[in-house]
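Scroll down for the structure; my scribbles are underneath it.
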Amino acid sequence: MTKHEHEPAQARGRGDQATNITSAAVVLPPPDGGFHAWAQVVSGHLVVALTWGYAASFGVFQSHYESTLPQSPSDISWIGGFQVFCLLFISTLSGRATDAGMARTVVAAGAVLLGLGTFMTSLATEYWQIFLAQGLCIGLGQGLMWLPSVTLISTYFMRLRVFAVTTAATGTSTGGIIFPAMIQYLIPKIGFPWAVRCMGFVVLAMSAATLALLRPRLPPRKSGPLVELSAFKEPAYMLFTFGVFLLYWTLYFAFFYVQSPS
């Protein structure tokens, strides 16, 4: 007889039942609604505002730095450009961490870096200080926050998935309205340092709301390799990637350099 045959039938039944329950929990379809599902949409909307909306507001900072720093506009734009680079590059790592069940931890770490970078930007006076605070620290924080929050939305929806993700994506417009308007309005009244600090308080409040709403639904799963080279053998994927690469060459030109008179 095998060891399994010696086990009491009741114990085996409990074990089989637990296995079945676990399997059922994994394959349960998305609820496609409910409080927790729509809470992820709100959370994702806030995160997109804090990431892409924040990044899209760099034109206000570009204009201010051109009048206060000796560096050329091209050098100054490296700050915003590196911020967007970090946002996208770090997402490759935060996405894997989300698969491993670490979504809340990753988003919380990103929120800390985003808040820290914003407040350090208010204290920075030299180009290299601003680059480290706004380009590196904020960019890293945004990269940790963005992908996990948006990815969780798709696990809650099937029929309404496009609507839910699109609603979250409109956070770019929300952040693109709030942050530039706040900075442009406050700089003449309280100065640049305190204007950025006020922006930092808004960032902290939005981050706290995001973490309060964030709720991963699926259990951790084993991730594949960090870089799946086999994907680059698919022509459709390669064409899509190349198209997105060309898109980002010009996407942020207007955000960085075209400013309306205050």
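For the sequence shown, position 221 matches number 221 in the working numbering, and the numbering has no gaps at all.
Backbone N, C-alpha and C define an ideal beta-carbon position, used for all residues, glycine too.
This one's a predicted model, so the numbers in the text were calculated from it and none came from an experiment.
By how many angstroms is the C-alpha of residue j removed from the C-alpha of residue i?
{"i": "F201", "j": "A208", "result": "11 Å"}
{"i": "F179", "j": "S230", "result": "41 Å"}
{"i": "P219", "j": "L147", "result": "17 Å"}
{"i": "V266", "j": "D32", "result": "No answer is possible for residue 266: the residues shown for the chain start at 1 and end at 262."}
{"i": "Y237", "j": "S91", "result": "18 Å"}
{"i": "V47", "j": "E234", "result": "31 Å"}
{"i": "F82", "j": "G115", "result": "18 Å"}
{"i": "L211", "j": "E228", "result": "30 Å"}
{"i": "A24", "j": "L204", "result": "Model confidence at A24 stands at a pLDDT of 42, short of 50, so the residue's coordinates are unreliable; what they give is reported in the following sentence. So the alpha carbons of these two residues sit roughly 38 Å apart."}
{"i": "W264", "j": "K189", "result": "Outside the modelled stretch of the chain, which goes from 1 to 262, sits residue 264, for which no answer is possible."}
{"i": "G117", "j": "C137", "result": "5 Å"}
{"i": "R14", "j": "L28", "result": "Low local confidence applies: a pLDDT of 49 at R14 is under 50, so the model's placement there is unreliable, with the coordinate-based value given in what follows. Near 21 Å, if we compare the C-alpha coordinates of L28 and R14."}
{"i": "T125", "j": "G34", "result": "48 Å"}
{"i": "G59", "j": "W249", "result": "16 Å"}
{"i": "L251", "j": "T121", "result": "24 Å"}
{"i": "M206", "j": "L93", "result": "23 Å"}
Quick check on residue i: does DSSP put it in helix, strand or coil?
{"i": "S91", "result": "helix"}
{"i": "T125", "result": "coil"}
{"i": "E66", "result": "helix"}
{"i": "M158", "result": "coil"}
{"i": "R215", "result": "coil"}
{"i": "D99", "result": "helix"}
{"i": "K233", "result": "helix"}
{"i": "A25", "result": "The pLDDT assigned to A25 is 47, lower than 50, so where the model puts this residue is not dependable, and the model offers no usable value."}
{"i": "S72", "result": "coil"}
{"i": "G243", "result": "helix"}
{"i": "S57", "result": "coil"}
{"i": "G200", "result": "helix"}
{"i": "G80", "result": "helix"}
{"i": "P180", "result": "helix"}
{"i": "K189", "result": "helix"}
{"i": "G135", "result": "helix"}
{"i": "L116", "result": "helix"}
{"i": "T170", "result": "coil"}
{"i": "G294", "result": "Here the chain covers residues 1 to 262 and nothing more, so residue 294 does not appear."}
{"i": "P220", "result": "coil"}
{"i": "G175", "result": "helix"}
Could you check whether residue j and residue i sit closer than 8 Å to each other, using their CB atoms as the reference points?
{"i": "A49", "j": "Y156", "result": "no"}
{"i": "M276", "j": "G110", "result": "Shown here, the chain extends from 1 to 262; a query on residue 276 therefore has no answer."}
{"i": "I79", "j": "Q129", "result": "no"}
{"i": "Q142", "j": "A55", "result": "yes"}
{"i": "R215", "j": "A39", "result": "yes"}
{"i": "L113", "j": "L140", "result": "yes"}
{"i": "S149", "j": "V107", "result": "yes"}
{"i": "I76", "j": "L87", "result": "no"}
{"i": "R197", "j": "F131", "result": "no"}
{"i": "F240", "j": "H64", "result": "no"}
{"i": "H45", "j": "T166", "result": "no"}
{"i": "Q62", "j": "Y127", "result": "no"}
In its own chain, which residues sit with a C-beta less than 7 Å from the C-beta of residue i, not counting the 5 before and 5 after it?
{"i": "A164", "result": "V41, I153, F157"}
{"i": "P30", "result": "T155, Y156, F157, M158"}
{"i": "F263", "result": "It is not possible to answer for residue 263, since the shown part of the chain is limited to 1 through 262."}
{"i": "F232", "result": "M238"}
{"i": "S43", "result": "S149, T210, L213, L214"}
Within a Cβ cutoff of 6 Å, which residues of the same chain sit near residue i, ignoring the five residues on either side of it in sequence?
{"i": "P73", "result": "E66"}
{"i": "I187", "result": "A195"}
{"i": "T151", "result": "T98"}
{"i": "R221", "result": "D99"}
{"i": "L160", "result": "D32"}
{"i": "V84", "result": "A55"}
Could you tell me whether the Cβ of residue i comes closer than 8 Å to any Cβ of chain B?
{"i": "L136", "result": "Looking at the structure shown, chain B is missing, and only one protein chain is on hand."}
Within its chain, find whatever has a CB closer than 8 Å to the CB of residue i; leave out the 5 residues flanking it on each side and keep chain order.
{"i": "R104", "result": "L211, L214, P216"}
{"i": "M182", "result": "A195, C198, M199, V202"}
Would you check if the segment 163 to 172 and the segment 88 to 103 touch, i.e. whether three or more CB-CB distances between them fall below 8 Å?
-> Too few Cβ pairs lie closer than 8 Å, so no.
When the Cβ atoms of the segment 240 to 247 are set against those of the segment 176 to 194, are three or more pairs found closer than 8 Å?
-> They do not touch, by the three-pair rule.
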